Amino acid sequence: MNANLFDILARSITDAGATAIETPDGARISYGDLVARTGRMANALVALGVKPDDRVAVQVEKSVEAIILYLATARAGAVFLPLNTGYTAAEIAYFIGDAEPSLFVCDPARAADLTQAAEQAGARMVTLDAKGKGSLSDAAASAPSGFDIVLRDKDDLAALLYTSGTTGRSKGAMLTHGNLVSNALSLREAWRYTDKDVLIHALPIFHTHGLFVATNVTLFSGASMILLPKFDPERVFDLMARATVLMGVPTFYVRLLEDDRLNAETTAHMRLFVSGSAPLLAETHRAWRVRSGHAILERYGMTETNMNTSNPYDGARVAGTVGLALPGTEVIVTDPESGVELPQGEIGMIEVRGANVFKGYWRMPEKTAAELRANGFFITGDLGRIDDNGYVHIIGRGKDLIITGGYNVYPKEIEAEIDEIPGVLESAVIGLAHKDYGEAVTAVVVPTGSPALTEAAIVAALEGRLARFKQPKRVIFMDELPRNTMGKVQKNLLRDQYAGLYHK
Ligand code: AMP
2 MNANLFDILA
12 RSITDAGATA
22 IETPDGARIS
32 YGDLVARTGR
42 MANALVALGV
52 KPDDRVAVQV
62 EKSVEAIILY
72 LATARAGAVF
82 LPLNTGYTAA
92 EIAYFIGDAE
102 PSLFVCDPAR
112 AADLTQAAEQ
122 AGARMVTLDA
132 KGKGSLSDAA
142 ASAPSGFDIV
152 LRDKDDLAAL
162 LYTSGTTGRS
172 KGAMLTHGNL
182 VSNALSLREA
192 WRYTDKDVLI
202 HALPIFHTHG
212 LFVATNVTLF
222 SGASMILLPK
232 FDPERVFDLM
242 ARATVLMGVP
252 TFYVRLLEDD
262 RLNAETTAHM
272 RLFVSGSAPL
282 LAETHRAWRV
292 RSGHAILERY
302 GMTETNMNTS
312 NPYDGARVAG
322 TVGLALPGTE
332 VIVTDPESGV
342 ELPQGEIGMI
352 EVRGANVFKG
362 YWRMPEKTAA
372 ELRANGFFIT
382 GDLGRIDDNG
392 YVHIIGRGKD
402 LIITGGYNVY
412 PKEIEAEIDE
422 IPGVLESAVI
432 GLAHKDYGEA
442 VTAVVVPTGS
452 PALTEAAIVA
462 ALEGRLARFK
472 QPKRVIFMDE
482 LPRNTMGKVQ
492 KNLLRDQYAG
502 LYHK
């Protein structure tokens with residue numbers, strides 16, 4: 002049987018007339034159109050020299066055409082490589098130099114800037130803009146719509162996604178057809194997705210969340226999605242009256258909560274709000290429930306593994322946890338030093354195994370061997386624990402662990418205490434080099450504005466609530482925390498910015 006994800010998708014279509022994608026400007030693409038347009042695009046790719054296993058690198062704005070390009074690449078047996086639209090020419094040169102795609106698709110506005118990088122990587126360059134126009138769509142428009150789906154094994158590569166790489170060089174995670182299909186089917190089941198669903202798609206499509214979770218689950222269900230170019234609260238409020246699902250990063254929910262329109266009435270047509278990619282504050286979960294009557298469903302995954310855990314559809318969606326291991330995925334907690342599995346309830350390194358877990362890092366066998374064990378478990382780099390009910394709690398990234406005076410301090414524990422202090426909006430706790438302690442616990446705090454906060458007041462509030470070694474040595478105030486496009490707080494930037502704080 003063909004394990005090509007496009008073949009499995011095409012076979013699951015029951016109503017070719019049903020809407021697959023809508024756009025805010027009123028375009029409507031049925032499943033039948035989607036298959037035909039994907040065929041044209043696959044023919045265009047082949048005419049441009051793309052062969053099975055070739056990489057197709059893509060740095061374009063979100064559009065229907067970009068989704069078609071992703072599906073057509075799979076259909077042609079090639080490997081889709083999406084790139085963050087924020088990457089500079091130098092970053093693009095690194096990625097395409099490393100991946101050696103045969104084709105590089107970019108926005109026409111950036112073509113001049115990126116020609117050299119494409120030439121050096123040996124890639125042919127074509128263009129596609131935010132409206133789906135460019136030399137690539139011109140080539141597709143005149144191509145025939147029939148195209149035989151290339152035969153793929155479940156272990157063949159479907160996509161190469163570079164990790165966000167907050168430390169060191171970004172690595173290319175090799176995702177197979179089997180990885181993507183198994184995860185889409187497992188989430189479809191877990192979230193009770195059907196062809197009646199209408200997703201508000203407001204996530205970027207260069208990342209696992211928007212590209213695979215949102216797009217694949219919707220298309221594998223015969224459901225439809227309203228493709229927004231970006232997150233826009235105004236549009237989300239309008240669309241909630243006829244949509245059923247929203248998938249977002251925590252910042253979406255924080256932003257929507259700031260709007261008076263959020264209530265049980267405006268969300269009455271919605272059945273599911275999913276959050277992931279960064280921790281959702283328990284406070285946001287509670288506030289959302291109070292205002293809308295819906296419990297946000299938080300899930301946990303990453304580029305290398307697709308989704309691993311999810312709060313249940315039926316049953317308790319517990320704030321501050323990422324839920325239970327998905328069927329077919331094993332989650333264990335191990336000692337970060339020895340790798341030995343820890344007794345239930347203890348904090349350690351989260352490791353996962355299953356059909357969802359990637360094949361390894363592109364051309365980095367040592368990195369692959371260091372993070373993907375021979376027994377199939379992937380060492381996620383996230384610290385966490387599993388409670389008595391099987392719910393996974395994430396404590397933070399392993400590299401954010403602070404070792405001060407020989408003691409381990411988990412920033413999340415300190416952040417939770419600081420966030421309880423009146424006048425604190427949110428906080429990030431980091432370790433900074435210190436000559437006596439090795440690392441000194443340091444708090445970066447975003448105040449709400451009132452009451453006025455001082456460093457002394459925060460230190461005093463934590464006295465008696467945290468052991469002395471956990472208390473911040475210094476508190477820094479900021480207007481907002483640095484976040485990447487997926488809403489993750491970039492602690493590495495904070496560590497760099499304040500590296501010399503204790504060395505003056
Ligand atoms: P990425 O590969 O960009 O998707 O980043 C994956 C990382 O995001 C994970 O290793 C976690 O550190 C973090 N992450 C994803 N989902 C969650 C979540 N629900 N709660 C906390 N952290 C999360």
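Oh and the sequence shown: position 343 is 344 in the numbering used here, straight run, nothing missing.
Cβ coordinates follow ideal geometry from the N, Cα and C atoms, glycine included.
All of these numbers come straight from a predicted model, not from anything done at the bench.
Query	Result
N-terminal and C-terminal residue of the beta strand (DSSP E) that ILE431 is part of	425 to 435
C-beta contact flag for ALA185 and PHE221 at 8 Å	yes
Assigned exposure category for LEU152 - 16 Cβ within 10 Å defines buried	exposed
As assigned by DSSP and simplified to three states, the class of PHE274	strand
Pairwise C-alpha distance: ASN85 and ASN180	22 Å
Cβ-based neighbour list, ALA19, same chain, cut-off 8 Å, excluding 5 preceding and 5 following	SER31, TYR32, ASP196, GLY223 and SER225
Of the listed residues THR116, TYR503 and LEU129, nearest to TYR71 (C-alpha basis)	LEU129
Strand pairing of ARG125, partner residues [DSSP]	LEU104
Residue from ASP315, LEU161 and GLU284 with nearest C-alpha to GLU421	GLU284
SER143 CB to nearest heavy atom of the ligand AMP below 7 Å	no
Short Cβ contact (8 Å threshold) for GLU456 with THR405	no
Through-space distance from LEU212 to GLU331, alpha-carbon basis	24 Å
Extent of the continuous beta strand (DSSP E) run through ALA444	439 to 448
Beta-carbon proximity list for GLN345, same chain, < 7 Å, skipping 5 on both sides	ILE387
Separation of THR267 from ILE357, as counted between CA atoms	For clarity, residue 357 is Asn in the given sequence; the question names Ile instead. Each residue's alpha carbon lies about 35 Å from the other.
Reference VAL291, options ASN312, LEU263 and ARG300, closest by Cα	LEU263
Near the ligand MG: SER278 beta-carbon under 7 Å from a heavy atom	Within the structure as shown, the ligand MG is missing, the only ligands being the ligand AMP.
Segments of 4+ residues assigned as alpha helix (DSSP H) that fall wholly inside the region 336 to 377	366 to 372
Sequence-distant residues of the same chain with beta carbon closer than 6 Å to PRO483, five excluded per side	GLN491 and LEU494
Check: MET303 C-beta below 7 Å from any heavy atom of the ligand AMP	yes
8 Å contact criterion, which ARG125 and LEU104 should meet: CB distance rounded	5 Å
Rounded Cβ spacing between PRO473 and ILE415 (contact assumed at less than 8 Å)	7 Å
Inter-residue spacing [alpha-carbon to alpha-carbon] between VAL430 and ASN5	44 Å
Cβ neighbour criterion (16 or more within 10 Å) applied to ARG466	exposed
Alpha carbon of SER136 to alpha carbon of THR304, nearest angstrom	30 Å
Alpha helix (DSSP H) segment containing ALA288, residue limits	283 to 293
C-beta atoms of VAL59 and LEU35 nearer than 8 Å	no
Rounded separation between ALA279 and TRP192 - CA only	19 Å
Residue ranges of each beta strand (DSSP E) within the region 8 to 55, 3 or longer	20 to 23 and 29 to 31
Bounding residues of the alpha helix (DSSP H) (the contiguous stretch that carries HIS394)	No alpha helix (DSSP H) holds HIS394; the beta strand (DSSP E) holding it covers 393 to 398.
THR209 beta carbon near the ligand AMP (any heavy atom closer than 7 Å)	yes
Straight-line gap, TYR301 to ILE351 (C-alpha atoms, nearest Å)	11 Å
Inter-residue Cα distance where the pair is SER311 and VAL334	17 Å
Contact under 8 Å by Cβ, VAL65 with VAL80	no
Distance CB(MET248)-CB(LEU176) smaller than 8 Å	no
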